[in-house]
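Asks:
Numbering (this note's numbering), first residue to last: 242 to 561.
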């Protein structure tokens with residue numbers, strides 16, 4: 242009895258240690274502390290499933306996606322053995338397993354397992370449950386991974402039709418699915434259609450959160466990217482130039498989204514032979530680089546700046 246109590250205290254201590262490490266952002270340490278607890282015969286099935294969910298979260302944050310897939314598969318086996326395949330706890334684990342299978346390249350194996358899971362979630366939890374929408378959304382992952390972007394767009398389109406019957410247009414779940422739909426259209430080369438969908442998302446976000454909200458700025462970024470891909474280079478460059486200014490004011494010069502937008506603007510300007518625009522934006526990065534930049538990145542933009550300045554000088558030189 243004393244040994245069991247001592248083991249229980251040790252288990253609680255390890256879990257507290259893991260949670261404390263995770264709270265400090267030390268996820269590898271949290272994993273090392275918590276993982277041995279999975280083998281403890283003092284934990285019930287529910288406790289093990291909860292622990293696995295934590296370990297999946299922490300492994301995901303450290304980039305250990307294959308371990309996430311392994312843990313999710315273990316949760317499915319453990320839960321199915323104890324509760325059956327259609328228990329809500331197991332449905333969550335099955336959803337997690339398919340998601341991580343797609344993330345690590347097992348999308349072909351996962352693809353045909355989505356339909357039975359969608360049906361089970363519908364029968365057990367109903368069509369208004371968040372898990373039903375999540376599994377249906379994730380069911381497009383194999384098509385996207387295999388480059389079948391039109392098939393992915395069809396899946397998202399069907400979800401949008403169904404979700405519109407029970408949720409308002411500005412609901413985050415609706416906006417997320419529409420964003421995925423727009424991305425699939427873009428990847429399929431349907432740029433004009435993508436712009437229409439992104440524009441409707443922007444209207445909903447701007448009305449709810451304001452035009453300078455980070456999410457609104459990101460959607461504007463995607464609209465400009467779609468315009469450039471469609472061949473409307475002049476308008477895209479104009480929108481990107483305005484967007485960089487708005488991002489600097491709202492997010493800061495060194496924010497990841499601002500830097501990404503400026504970098505893409507430079508690449509687009511070079512491709513469109515807008516050397517003045519490219520040089521101006523390069524100069525901003527070279528003179529005030531983000532702390533995250535490595536020396537080679539600064540050197541690359543310095544080289545682009547020199548090339549742009551040479552072309553500008555050549556254009557300004559009188560013809561012989």
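Ideal placement from N, C-alpha and C gives every residue a C-beta, glycine not left out.
1. Residue 303: buried (16+ other C-beta within 10 angstroms of its C-beta) or exposed?
2. Note down, in chain order, each residue of its chain lying with its Cβ closer than 8 Å to the Cβ of residue 359, except the 5 sequence neighbours on either side.
3. Roughly how many whole angstroms lie between the Cα atoms of residue 355 and residue 516?
4. So, with DSSP's three-state summary, where would you put residue 301?
5. Could you tell me how far apart the beta carbons of residue 490 and residue 525 are, in whole angstroms, since I believe they sit closer than 8 Å?
6. Write down the C-beta distance between residue 317 and residue 334 rounded to the nearest angstrom, noting that I regard them as a contact closer than 8 Å.
7. Taking the alpha carbon of residue 389 as the point to measure from, which residue in 428, 455, 370, 361 has its own alpha carbon closest?
8. So what does DSSP say about residue 340, is it helix, strand or coil?
9. How would you call residue 331, buried or exposed, if buried means at least 16 neighbouring beta carbons within 10 angstroms?
10. Helix, strand or coil for residue 534 per DSSP?
11. With a Cβ-Cβ cutoff of 8 Å, do residue 349 and residue 339 count as a contact?
12. Determine the closest residue to residue 311 out of 472, 296, 547, with distance taken between C-alpha atoms.
13. Find out if the Cβ-Cβ distance for the pair residue 464, residue 449 is shorter than 8 Å.
14. Nearest to residue 468 by CA position, among 313, 437, 537, is which residue?
15. Just to confirm my understanding: we take residue 530, look at its own chain, exclude 5 residues before and 5 after, and list those with CB closer than 7 Å. What are they?
16. Of the residues 269, 411, 415, which one's Cα is nearest the Cα of residue 399?
17. State the Cα-Cα distance for the pair residue 269 and residue 292, rounded to the nearest angstrom.
18. Would you mind working out which of 353, 454, 420, 382 sits nearest residue 440, comparing C-alpha positions?
19. Out of 410, 386, 458, 457, point me to the one whose CA is closest to residue 425's CA.
20. Since residue 213 is in the alpha helix (DSSP H), which residue starts that stretch and which ends it?
21. Which value, in whole angstroms, describes the spacing of the CA atoms of residue 461 and residue 443?
22. Excluding five sequence neighbours on each side, which residues of the same chain lie with their C-beta closer than 6 Å to the C-beta of residue 391?
23. Residue 434 to residue 501, Cα distance in whole Å?
Replies: On the basis of the data shown:
1. exposed
2. 373, 376, 377, 380
3. 49 Å
4. helix
5. About 14 Å separates the two Cβ atoms, so there is no contact after all.
6. The distance from the Cβ of residue 317 to that of residue 334 is about 5 Å, consistent with a contact at the 8 Å cut-off.
7. 428
8. helix
9. By the neighbour-count rule (16 or more Cβ atoms within 10 Å), residue 331 is buried.
10. coil
11. no
12. 296
13. Contact flag unset, no.
14. 437
15. 539
16. 415
17. 15 Å
18. When only C-alpha atoms are compared, the closest one is 420.
19. Nearest option by C-alpha distance: 386.
20. With the chain represented from 242 up to 561, any question about residue 213 goes unanswered, as that position is not in the structure.
21. 7 Å
22. 429
23. 24 Å
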